[in-house]
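Numbering (the working numbering), first residue to last: 61 to 241. By construction, the Cβ of each residue, glycine as well, lies at the ideal position given by its N, Cα and C atoms. Just so we're clear, the structure is a prediction, and the values are computed from it rather than from any experiment. To start, the structure under review is shown below, and the notes come after it.
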Amino acid sequence: MFSRIASRRSLARVFTTASLALACNAACLSAAFAQATIPASLTPGEATHVVAALKASGTQIYTCKRDASNNLSWAFKAPSAELYDASGTLIVTHSAGPSWAAADGSRITGAVLQQAPNTDQAGSIPLLLLRATNAGGPGLLSTVRYVQRLDTHGGVAPSGPCTQEGQEGRSPYIAEYVFLG
């Protein structure tokens, strides 16, 4: 009997510790996405409304190519990321183009209008404002006219040298994507 009570107390401590760790992790992740300010250059001039604000986790893909001096260097190839809502549900996938595809079949492509360095997080890919073009059916993304990539962490070209043309390198990143209609 005594060992059963001790066992239950031990189990309760494990669950309490795990719960606290998960809560701290969620709070830290929320703090990681707290962009101080959005640069004015990344705000569309015309009136817009937020269609969705999603958290992204993925990789920036780079390939080893010869530059103008015939030296091998990393060149950006494409993004590969999943975008989640506040509840952790996968809403949109992000890939080459750049393009975004929602689970409801709506799809957009983007063209960079402006970029700005992430002054809050050194060593991160730049913040972006993109013009969106509808490339799919009706749904979440069908009314999106602009996309902002904000609060980037990571994603820069691999730090190691590329040694063979065509070699691929991946760099993990997180960001917030705001879809504006």
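| Check | Outcome |
| --- | --- |
| Close-in-space but distant-in-sequence residues of the same chain around Phe75 (CB under 6 Å, 5 per side omitted) | The pLDDT assigned to Phe75 is 35, lower than 50, so where the model puts this residue is not dependable, and the model offers no usable value. |
| The beta strand (DSSP E) enclosing Leu210, as first and last residue numbers | Tyr206 to Gly214 |
| Counted within 10 angstroms of its Cβ, other Cβ atoms place Pro139 as buried (16 or more) or exposed | buried |
| Buried/exposed call for Ala128, threshold 16 Cβ in 10 Å | exposed |
| Where Ala86 falls, given that 16 or more other Cβ within 10 Å makes a residue buried | Here the model assigns Ala86 a pLDDT of 37, short of 50, so the residue's position is not dependable, and the following value carries that caveat. Counting Cβ neighbours within 10 Å, Ala86 comes out exposed, since fewer than 16 surround it. |
| Proximal residues to Cys222 (C-beta, below 7 Å), its chain only, five neighbours per side dropped | Cys124, Leu132, Ser133, Trp134 and Gly229 |
| Euclidean distance between Cα positions of Arg46 and Ala107 | This structure cannot settle anything about residue 46, because the visible part of the chain is limited to 61 through 241. |
| Residue burial classification, Asn178 (beta-carbon count within 10 angstroms, cutoff 16) | buried |
| CA-to-CA distance, Gln227 to Cys206, given in whole angstroms | Per the sequence shown, the amino acid found at residue 206 is Tyr instead of Cys. Taking the straight line from one Cα to the other gives about 33 Å. |
| Pro232 - containing beta strand (DSSP E), residue span | Glu228 to Leu240 |
| Cβ neighbour criterion (16 or more within 10 Å) applied to Glu225 | exposed |
| Strand pairing of Val152, partner residues [DSSP] | Leu143 and Ala162 |
| Between the CA atoms of Glu142 and Ile185 - distance to the nearest angstrom | 17 Å |
| Distance between Gln181 and Ala112 (C-alpha atoms, nearest Å) | 23 Å |
| Straight-line gap, Gly241 to Thr119 (C-alpha atoms, nearest Å) | 26 Å |
| Where Ser129 falls: helix, strand or coil (DSSP) | coil |
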